[in-house]
Amino acid sequence: MIRSFFAAVFVLTALATAGCVRATHQLSEVGKVVTDDEIVGVWEFQDPVFGADKDHRLKVEALENDCYRYTCTEGASTESVDFRLVEAAGATYFEVIGCSRDGQSDKEKTSQMSFPARWERRGDWVAVDAVNVKAIDRLVRKKTLAGKSEPGFWFPKVIVTASAKDLETFLTKHGDSVFAERAIYRKVNSAPTELETATDRESQ
Numbered sequence: 164m165i166r167s168f169f170a171a172v173f174v175l176t177a178l179a180t181a182g183c184v185r186a187t188h189q190l191s192e193v194g195k196v197v198t199d200d201e202i203v204g205v206w207e208f209q210d211p212v213f214g215a216d217k218d219h220r221l222k223v224e225a226l227e228n229d230c231y232r233y234t235c236t237e238g239a240s241t242e243s244v245d246f247r248l249v250e251a252a253g254a255t256y257f258e259v260i261g262c263s264r265d266g267q268s269d270k271e272k273t274s275q276m277s278f279p280a281r282w283e284r285r286g287d288w289v290a291v292d293a294v295n296v297k298a299i300d301r302l303v304r305k306k307t308l309a310g311k312s313e314p315g316f317w318f319p320k321v322i323v324t325a326s327a328k329d330l331e332t333f334l335t336k337h338g339d340s341v342f343a344e345r346a347i348y349r350k351v352n353s354a355p356t357e358l359e360t361a362t363d364r365e366s367q
């Protein structure tokens, strides 16, 4: 239970911070969109303190046009995120295309152009580095990165307006300083099986 709580807090915080940094351009405009068939399947969150968390898993499926979808459960809710992988600025990045919650149709899906997350896979392990909102906010205010910022409830709300090329140049120079905590996942199933919600487990 404690491990599930910390996993949920981590993911919800990552989603909240990612949602606080929008971008008007994406790395895929200048970078190379890549595919990786090995990411299809089920991935289990690895808590740095408590270890594997079987109650927090992601299901990754392949879509058309070199895109993917991951689905995760938090409590009784399910969230799906469509994404692509892009090689740019000397690394691989996770680029969000759109999000939906609790079975929304593709037409209801929220289109998002969020600041990219850094992605690294080694065998059956994946690391995802979420954006550090405060670091981006500071660099936008210093005019190191083109954009605008305004206060938010928990985090500043930032819109990065840099061109895709300028964003790539920025990440090449500042990439190591603009990402927050790292989430680690381990692959536990090569087939994208259905995920259970907490409500499903309690009813069994």
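The opening residue of the sequence shown carries number 164 in the working numbering; numbering runs sequentially from there. Note that beta-carbon positions come from the ideal geometry of N, C-alpha and C, so glycine has one too.
Please confirm whether residue i and residue j have their CB atoms less than 8 angstroms apart.
| i | j | result |
| --- | --- | --- |
| R284 | D199 | yes |
| A346 | H188 | no |
| S353 | E258 | no |
| R185 | V351 | no |
| T241 | V197 | no |
| Y231 | F213 | no |
| V341 | I299 | yes |
| K320 | S312 | yes |
For my contact list, residue i and residue j are in at a C-beta cut-off of 8 angstroms; report their separation, rounded to the angstrom.
| i | j | result |
| --- | --- | --- |
| L334 | A252 | 4 angstroms |
| L248 | W288 | Wrong, their Cβ atoms sit about 16 angstroms apart, outside the cutoff. |
| E250 | K195 | 5 angstroms |
| Y348 | E227 | Actually they are not in contact, since the Cβ atoms of Y348 and E227 sit about 24 angstroms apart, beyond 8 angstroms. |
| T234 | K217 | 16 angstroms between Cβ atoms; not a contact. |
Comparing alpha-carbon positions, which option in the options lies nearest residue i?
| i | options | result |
| --- | --- | --- |
| C183 | T307, H337, A354 and N295 | N295 |
| T307 | A293, L330, W317 and V291 | L330 |
| D210 | A280, W317, A290 and E201 | A290 |
| A293 | F278, D300 and R304 | F278 |
| G204 | C230, A225 and D218 | A225 |
| A343 | E313, E201 and A280 | A280 |
| K297 | P314, D229 and G286 | P314 |
| D229 | I260, P319 and A215 | I260 |
| I202 | V193, G286 and H219 | G286 |
| A309 | F318, F316, T332 and W317 | T332 |
What span of residues does the beta strand (DSSP E) with residue i cover, start to end?
| i | result |
| --- | --- |
| I322 | K320 to V323 |
| D218 | G214 to A225 |
| E313 | G310 to E313 |
| Q209 | G204 to D210 |
| A251 | S240 to A251 |
| V184 | V184 to A186 |
| A346 | F342 to N352 |
For residue i, which three-state DSSP category applies?
| i | result |
| --- | --- |
| G286 | coil |
| D292 | strand |
| S277 | strand |
Considering residue i, what are the terminal residues of the alpha helix (DSSP H) in which it resides?
| i | result |
| --- | --- |
| V296 | V296 to R304 |
| D329 | A327 to H337 |
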